[in-house]
Every structure is written in structure tokens, then in C-alpha cells.
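Read through the structure below, which is laid out as C-alpha cells, and then see the notes.
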Amino acid sequence: MSRQIPEKLINFSVYRDGKEWLGTASVDLPSIAAMTETVSGAGIAGEVDSPTLGHYGSMTCTLNWRTLARPGVNLFQPKSHALTFRGAQQMYDTATGEYKSAGFTVAVKAIPKTGALGSLAPGTATNSTNEFELTYLKIDIDGRNVLEIDKFNFKCVIDGEDQLADVRQQLGM
Numbered sequence: 001m002s003r004q005i006p007e008k009l010i011n012f013s014v015y016r017d018g019k020e021w022l023g024t025a026s027v028d029l030p031s032i033a034a035m036t037e038t039v040s041g042a043g044i045a046g047e048v049d050s051p052t053l054g055h056y057g058s059m060t061c062t063l064n065w066r067t068l069a070r071p072g073v074n075l076f077q078p079k080s081h082a083l084t085f086r087g088a089q090q091m092y093d094t095a096t097g098e099y100k101s102a103g104f105t106v107a108v109k110a111i112p113k114t115g116a117l118g119s120l121a122p123g124t125a126t127n128s129t130n131e132f133e134l135t136y137l138k139i140d141i142d143g144r145n146v147l148e149i150d151k152f153n154f155k156c157v158i159d160g161e162d163q164l165a166d167v168r169q170q171l172g173m
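The numbering of the sequence shown is the UniProt record's numbering, which starts it at 1 and goes up by one.
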């Protein structure tokens, strides 16, 4: 029986608007935390933090740059930026003993929150950063959509299942 063991990220690239390569950066992807409300009362032994279907708290993403460069500064523009992170992950096939790669994309719509220009010192990286609020997040792994959260269009798809389809219909959306 063949199993694909995901081992590590081989490498990735950062693009704006799907085509403009932005340079050398590392990326801190968002944490995804469900919006919750504490439920308690008669018939419940204690409290339960109940998640609200398809609703998530603030999602932030940070680009970390080695140098102060035009692409990072241009991302200070106060508008939504379509950013795509394209990567290749190394997989080990247990049946054949071979290494393979599997592609993934993370697409976001990102609104600038903060921009740190970094530090200037001879012979060192500036460590400039851009932090963004995400209104949209989509993850495709090996050509298959596994997650899509679109806050302004009231959409939350996890592994092909739209968590908010019934709610949109019930709200007349």
C-alpha cells in the first residue's frame, strides 16, 4: 500500500494579482479561530464555547522581507491586495521509496494594517514587514480546494462543503 508522507516545504513564491512576482519574503500565515459564544444553562453540565457556523475572527498575515524594497512599500497602499503564495511540498512515497512534489496555493485578499520599515545596519537584512487583515483566504493542495473563507461574500467552504450555503438561502442571499 502506497502512502504519501508530506515532509517539508521545498520552496515557494509570492505574487500580487496572480502574476507580479514580489521577491524574497517569508510568510506568516493566519491562525483561524472560530467566533464562539459561551452556552450554559439548564440541562448543560457546565459551559460550552459554541462556534458560530462559518464565522471566524480576525485573520492576519505577515510578509517578512530581507530588504526594504519597492514591492513591500507598494503594499502600503490602502486597498485590498490579491496575493498568492505558490509552493511545492516534498512528499515521500512509501511504496516506491521515491520523493515527489505536490503543489499548493494560498490566495488571500489582504488589507494593509501595519508596515515596518525595519532596521538599517551595514551588511545586514532590514527585516522589513507588512501585516495585513485578510477578508478572503483560499487554499488549494495538489489541485484540490480544501479551504475557502470569503467574509464579504458570506462563504465558508471546507473540503468541498459550503458551510454557509443553507444560511445564505435562509437569509435570502
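The C-beta atom is built at its ideal place from N, Cα and C for all residues, glycine as well. The structure presented is a predicted model; accordingly, all values stated were derived computationally and were not measured.
Can you tell me whether GLY54 is helix, strand or coil according to DSSP?
As a first step, residue 54 must be located in the sequence shown, where it is residue number 54. GLY54: strand per DSSP, three-state reduction.
From the DSSP output, which residues share a beta bridge with LEU140?
By 1-based counting over the sequence shown, the position of residue 140 is 140. Before going further, note that residue 140 is Asp rather than Leu in the sequence given. For ASP140, which the question treats as bridged, DSSP gives the partners THR105 and ASN145.
Measure the C-alpha to C-alpha separation of ALA95 and LEU22 and round it to an integer number of angstroms.
Sequence index remark: in the sequence shown, residue 95 carries index 95 (1-based). Sequence index remark: in the sequence shown, residue 22 carries index 22 (1-based). Those two C-alpha atoms are separated by around 38 Å.
How long is the line joining the alpha carbons of ASP140 and LEU117, rounded to whole angstroms?
Here residue 140 refers to the residue found at position 140 of the sequence shown. Here residue 117 refers to the residue found at position 117 of the sequence shown. Distance between the alpha carbons of ASP140 and LEU117: 32 Å.
Nonlocal neighbours in the same chain, by C-beta distance under 6 Å from THR67, ignoring five residues either side:
Position 67 of the sequence shown, counted from the start, is the residue given in the question as residue 67. Listed in chain order, the non-local C-beta contacts of THR67 below 6 Å within the same chain comprise THR126, local neighbours out to five positions each way being set aside.
Starting from ASP166 and walking both ways along the beta strand (DSSP E), at which residues does that stretch end?
Counting from 1 along the sequence shown, the entry for residue 166 is found at position 166. No beta strand (DSSP E) holds ASP166; the alpha helix (DSSP H) holding it covers 165–170.
Less than 8 Å between the CB atoms is what I'm expecting for SER31 and ASN64, so what's the real figure, rounded?
Locating residue 31 in the sequence shown gives position 31, counting from the first residue. Locating residue 64 in the sequence shown gives position 64, counting from the first residue. Taking the Cβ atoms as the reference, SER31 lies roughly 16 Å from ASN64, outside the contact range of under 8 Å.
State the start and end residues of the unbroken beta strand (DSSP E) segment that holds ASN64.
Taking the sequence shown and counting its residues from 1, the one referred to as residue 64 is at position 64. 60–65 is the span of the beta strand (DSSP E), which, as asked, contains ASN64.
Should ASN130 go down as buried or exposed, given a rule of 16 or more other Cβ atoms within 10 Å for buried?
For the purposes of this step, residue 130 is identified with residue 130 of the sequence shown, where counting begins at 1. Around the beta carbon of ASN130, a 10 Å sphere encloses 16 or more other beta carbons of the protein chains shown; the residue is thus reported as buried.
With burial defined as no fewer than 16 other Cβ atoms inside 10 Å of the residue's Cβ, what is the status of ILE149: buried or exposed?
On the sequence shown, residue 149 is found 149 positions in, with the first residue counted as 1. That one is buried.
Please report the straight-line C-alpha distance between GLU7 and ALA34, rounded to a whole angstrom.
As a first step, residue 7 must be located in the sequence shown, where it is residue number 7. As a first step, residue 34 must be located in the sequence shown, where it is residue number 34. Cα to Cα, GLU7 sits roughly 28 Å from ALA34.
Our contact map puts GLY54 next to SER128 with C-beta atoms below 8 Å; I'd like the distance itself, whole angstroms only.
As a working mapping, residue 54 is identified with position 54 in the sequence shown. As a working mapping, residue 128 is identified with position 128 in the sequence shown. With a Cβ gap of about 35 Å, GLY54 and SER128 do not count as contacting.
Given a cut-off of 9 Å on the beta-carbon distance, is the pair SER60 and LYS113 in contact?
Position 60 of the sequence shown, counting from 1, holds the residue named residue 60. Position 113 of the sequence shown, counting from 1, holds the residue named residue 113. Just to set this straight, residue 60 is Thr in the shown sequence, not Ser. Yes. Within cutoff.
Is it true that the CB of LYS100 sits closer than 9 Å to the CB of THR135?
For the purposes of this step, residue 135 is identified with residue 135 of the sequence shown, where counting begins at 1. For the purposes of this step, residue 100 is identified with residue 100 of the sequence shown, where counting begins at 1. No, the pair does not count as a contact, with Cβ atoms beyond the cut-off.
In terms of DSSP beta bridges, what is ARG86 paired with?
Numbered from its first residue, the sequence shown carries residue 86 at position 86. Paired residue(s): SER13 and THR105.
Here's the rule I'm using: 16 or more other beta-carbon atoms within 10 Å means buried, otherwise exposed. How should LEU83 be labelled?
One-based indexing of the sequence shown puts residue 83 at position 83. LEU83 should be labelled buried.
Nearest-angstrom Cα distance between PHE154 and GLN170?
As a first step, residue 154 must be located in the sequence shown, where it is residue number 154. As a first step, residue 170 must be located in the sequence shown, where it is residue number 170. C-alpha separation (whole angstroms): 12 Å.
Would you tell me roughly how many angstroms separate the C-alpha atoms of GLN163 and THR52, rounded to the nearest one?
Within the sequence shown, the letter at position 163 stands for residue 163. Within the sequence shown, the letter at position 52 stands for residue 52. Answer to the nearest angstrom: the Cα atoms are 11 Å apart.
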